[in-house]
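For the sequence shown, my numbering begins at 31 and goes up steadily by one. First comes the structure, then the notes that go with it.
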Amino acid sequence: MLRYFLALSLLVFSLSSSAGFFFEPYFGYASGDSDGILVDNGSGDTLNPGIAGRGEDEDLKFMDAGLRIGGYIQSIGLHIGANLSWMKGSANRSNTGKKKFQAFDLGPFIGWDIPILPFRVYGAALVSFKTVELNQTHTETDQNEVTLLTETGTDNKVAFVGIGTRLGVSVTLIPIITLNAEYRSVRYSSYQFGVIDNTLDGRIKEETVLLSMSIMFGEN
31 MLRYFLALSL
41 LVFSLSSSAG
51 FFFEPYFGYA
61 SGDSDGILVD
71 NGSGDTLNPG
81 IAGRGEDEDL
91 KFMDAGLRIG
101 GYIQSIGLHI
111 GANLSWMKGS
121 ANRSNTGKKK
131 FQAFDLGPFI
141 GWDIPILPFR
151 VYGAALVSFK
161 TVELNQTHTE
171 TDQNEVTLLT
181 ETGTDNKVAF
191 VGIGTRLGVS
201 VTLIPIITLN
211 AEYRSVRYSS
221 YQFGVIDNTL
231 DGRIKEETVL
241 LSMSIMFGEN
């Protein structure tokens, strides 16, 4: 994750030195769904390759706090920089209850102020780092899906890495306060569970909608 952060820091520094600077913290609430992951006791003591797969859809609810930062070209209303976001919430499935998770997104950001109107459209590519806390005593079986093992006494956290996008629209209420509606889509491509590190081929997908409020500093 450090190399992604350093690359984005270099991007923000180069843009802010040649254009105006903006700094936009935001906070919001999001909901949506995920393909989920399956949990099984397998053979009881081992993990097999390719252990994470699609399960029944999970309902996601989480808080999202983040920062957009970079350069602003006032003559054309263009924002270019980086988006960083930290999320914490729960994934709920009817037959397994809630699982807690945390995630961190970072990636390049671009936004455009629509002339005359108090609206901005924006988008961001992202790399997402997500940690899910499984119920240690839970087991579930599904003959049609590959599965993930967890049992009492084992490390019950699974770390995922994925890529995705954020697309949104903002409306300015007063000069520095904006409301934002945003769509976030992520496909997770790899995971780590204990000493097991494997690929997912993008099989786990999340789609969420975020409503947030932000404060814009800079733009000069």
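Heads up, the beta-carbon is just placed ideally off N, CA and C, and yes, glycines get one too. Given the structure is predicted, the values throughout are model-derived calculations rather than measurements.
Inter-residue Cα distance where the pair is residue i and residue j
{"i": "Lys-128", "j": "Ala-60", "result": "16 Å"}
{"i": "Val-199", "j": "Ala-155", "result": "15 Å"}
{"i": "Leu-209", "j": "Phe-57", "result": "10 Å"}
{"i": "Glu-163", "j": "Tyr-152", "result": "32 Å"}
{"i": "Ala-121", "j": "Met-243", "result": "23 Å"}
{"i": "Gly-100", "j": "Ile-106", "result": "15 Å"}
{"i": "Phe-159", "j": "Ile-144", "result": "32 Å"}
{"i": "Phe-134", "j": "Arg-123", "result": "22 Å"}
{"i": "Thr-161", "j": "Ile-146", "result": "43 Å"}
{"i": "Tyr-221", "j": "Gln-132", "result": "14 Å"}
{"i": "Arg-217", "j": "Val-191", "result": "9 Å"}
{"i": "Thr-195", "j": "Phe-52", "result": "21 Å"}
{"i": "Ile-81", "j": "Gly-50", "result": "Any reading at Ile-81 must be qualified, since the residue scores a pLDDT of 41, below 50, and its modelled position is unreliable; the value itself is stated next. Roughly 48 Å separates the two Cα atoms."}
{"i": "Ile-110", "j": "Pro-55", "result": "15 Å"}
{"i": "Ile-245", "j": "Ser-219", "result": "33 Å"}
{"i": "Thr-184", "j": "Ile-140", "result": "Caution applies to Thr-184, whose pLDDT of 49 falls short of 50 and renders its modelled position unreliable; the model cannot decide the point."}
{"i": "Leu-32", "j": "Tyr-213", "result": "Residue placement at Leu-32 is flagged as unreliable, the pLDDT there being 48, under the threshold of 50; a coordinate-derived value is accordingly withheld."}
{"i": "Ala-17", "j": "Ala-211", "result": "No answer is possible for residue 17: it lies beyond the span of the chain, which begins at 31 and ends at 250."}
{"i": "Leu-108", "j": "Val-157", "result": "23 Å"}
{"i": "Tyr-102", "j": "Pro-138", "result": "14 Å"}
Other residues of its chain near residue i: CB distance less than 7 Å, five sequence neighbours each side excluded
{"i": "Thr-8", "result": "This structure cannot settle anything about residue 8, because the visible part of the chain is limited to 31 through 250."}
{"i": "Lys-118", "result": "Phe-92, Met-93 and Gln-132"}
{"i": "Leu-90", "result": "Ser-61, Gly-62, Asp-63, Ser-64, Gly-119, Ala-121, Glu-236 and Thr-238"}
Status (buried if at least 16 other CB within 10 Å, exposed otherwise) for residue i
{"i": "Val-247", "result": "The amino acid at residue 247 is misidentified as Val; the sequence shows Phe. Flag for Phe-247 reads exposed."}
{"i": "Thr-167", "result": "Note on Thr-167: pLDDT 42, under 50, position unreliable in the model; no value is reported."}
{"i": "Thr-238", "result": "buried"}
{"i": "Ala-189", "result": "exposed"}
{"i": "Leu-240", "result": "buried"}
{"i": "Leu-197", "result": "exposed"}
Other residues of its chain near residue i: CB distance less than 6 Å, five sequence neighbours each side excluded
{"i": "Thr-76", "result": "Residue placement at Thr-76 cannot be trusted, given a pLDDT of 33 that sits under 50; the coordinates are not used to answer."}
{"i": "Pro-205", "result": "none"}
{"i": "Ser-215", "result": "Gly-194, Thr-195 and Glu-237"}
{"i": "Lys-235", "result": "Asp-65 and Arg-217"}
{"i": "Arg-150", "result": "Gly-141, Asp-143 and Ser-200"}
{"i": "Leu-253", "result": "For residue 253 there is no data in the structure shown, the boundaries of the chain being 31 and 250."}
Option in the options with minimal Cα separation from residue i
{"i": "Leu-136", "options": "Lys-91, Gly-96 and Arg-217", "result": "Gly-96"}
{"i": "Asp-65", "options": "Phe-92, Leu-241 and Arg-233", "result": "Arg-233"}
{"i": "Trp-116", "options": "Arg-98, Phe-52 and Phe-51", "result": "Arg-98"}
{"i": "Lys-187", "options": "Trp-142, Lys-130, Asp-63 and Pro-138", "result": "Lys-130"}
{"i": "Gln-104", "options": "Ile-245, Leu-90, Asn-113 and Trp-142", "result": "Trp-142"}
Residues of its chain near residue i, where Cβ-Cβ distance is below 8 Å and the 5 sequence neighbours each way are ignored
{"i": "Asp-251", "result": "The question about residue 251 has no answer here: the residues shown for the chain are numbered 31 through 250."}
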